[in-house]
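In my numbering, the protein residues as written are 155 to 436.
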């Protein structure tokens, strides 16, 4: 059974400064590790996984209680899946240290014959530390998970973990290393739009506007409804002197995500641009 949902990290931001200045990299969502289909659990366990997923979507507190009860009744390697459920429940409540501990415990309970699953859980633990602001420790776990994914013959997973490594490296002001991590991500996880979005943001911060423009175009193809992409596309456009394109991008964000923090940022950028000198229909 695949247990796969997305849990947003705290402080999910895009460019947060005035037009023309560099912003911070937006953070990617936390991706749920997935069990191998060839290592599927018995039917009873599948039902428990489905119940965990349901509770995570409606009541993370109840999901945590459910996971703990499930853990108490499970034995041996079978404790890994409820441990993962507990980690997700703690993350959904913003209890990042507890989430990290649960993910690492689940990782240790995952047999060595499933190295990709161990790598995923290690990446989840690193994400939890990153959300907790423990960036150095997060990077250490993410680097380990990246190596495990490569060793498991899972370059796509390694690429996805490299996106999170890049976020940690940017937070540590190691932009050159972050750019290298994102290059790896674009190669190994080319269909992951977050990798292209983060690449565009970093390239823009480094003054590489041509590269940023190419990367945001790919991000827009992969994530056509993501307001963060529209926000970043507008920043890149205005820095390239394309105020009209920037205005269109930010207007699309305001319309697509009204009331959101991203829309408020886009509106602030529109306010800085001022009135459209050539409004449509004129």
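Glycine included, every Cβ here is placed at the ideal spot set by N, Cα and C.
Problem - Backbone CA spacing between residue 261 and residue 268 [nearest angstrom] - result: If you draw a straight line from the Cα of residue 261 to the Cα of residue 268, it comes to about 10 Å.
Exercise for the section: For chain D, find out if any of its Cβ atoms is closer than 8 Å to the Cβ of residue 277; answer yes or no. Expected result: Given the protein chain composition of this structure (a single chain), no chain D is represented.
Problem - Selection from 341, 251 and 359 that minimises the alpha carbon distance to residue 281 - result: Sorting 341, 251 and 359 by C-alpha distance to the C-alpha of residue 281 places 251 at the top.
Practice task
Whole angstroms is fine: what's the gap from residue 427's alpha carbon to residue 378's?
Solution key: Counting only the Cα atoms, residue 378 lies some 24 Å from residue 427.
Practice task
Just tell me which of 211, 407, 213 and 205 has its CA closest to the CA of residue 224.
Solution key: For residue 224, the nearest C-alpha among the options comes from 205.
Exercise for the section: Specify the secondary structure class of residue 289 as computed by DSSP and reduced to three states. Expected result: Residue 289: helix per DSSP, three-state reduction.
Practice task
Quick one: measure Cβ to Cβ for residue 240 and residue 222, integer angstroms, because I've assumed they're closer than 8 Å.
Solution key: Approximately 6 Å separates the beta-carbon atoms of residue 240 and residue 222; this is inside 8 Å, confirming the contact.
Exercise for the section: Quick one: grab the DSSP three-state call for residue 328. Expected result: The three-state reading of DSSP puts residue 328 in coil, since its state is none of H, G, I, E or B.
Practice task
Using the Cα positions of residue 425 and residue 404, report the straight-line distance between them to the nearest angstrom.
Solution key: Near 11 Å, if we compare the C-alpha coordinates of residue 404 and residue 425.
Problem - Reduced DSSP secondary structure (H/G/I, E/B, other) of residue 338 - result: Correct three-state label for residue 338: helix.
Exercise for the section: For residue 173, count neighbouring C-beta atoms within 10 Å of its own C-beta (all shown protein chains included) and say buried if the count is 16 or more, exposed if not. Expected result: Annotation note: pLDDT 37 at residue 173 (below 50); position unreliable, coordinate value reported separately. By the neighbour-count rule (16 or more Cβ atoms within 10 Å), residue 173 is buried.
Practice task
For residue 339, count neighbouring Cβ atoms within 10 angstroms of its own Cβ and tell me buried if that reaches 16, exposed if not.
Solution key: With 16 or more Cβ atoms within 10 Å of its Cβ, residue 339 is classed as buried.
Problem - Of the listed residues 431, 337 and 347, nearest to residue 357 (C-alpha basis) - result: If we check each option's Cα against that of residue 357, 337 comes out closest.
Exercise for the section: Please look up how many angstroms separate the CB atoms of residue 386 and residue 351, rounded, as I've assumed it's under 8 Å. Expected result: Under the criterion of beta carbons closer than 8 Å, residue 386 and residue 351 qualify as touching, at roughly 6 Å.
Exercise for the section: Assess, as a yes-or-no matter, whether the stretch 298-305 is touched by the stretch 283-290 under the definition of 3 or more beta carbon pairs within less than 8 Å. Expected result: Counting Cβ pairs under 8 Å, fewer than three are found: no touch.
Handout entry: Spatial neighbours of residue 361 in its chain, beta-carbon cut-off 6 Å, leaving aside the 5 residues before and after
Key = Here the set comprises nothing.
Handout entry: From 210, 306 and 429, residue whose alpha carbon lies closest to that of residue 247
Key = For residue 247, the nearest C-alpha among the options comes from 210.
Problem - Close beta carbons around residue 408, own chain, < 6 Å, minus the five adjacent residues each side - result: Within the same chain, residue 408 has close Cβ partners 417, 420 and 421.
Handout entry: Beta-carbon contacts of residue 253 that lie in its chain and below 6 Å, excluding the five residues immediately before and after
Key = Cβ within range, chain order: 241, 244, 245 and 282.
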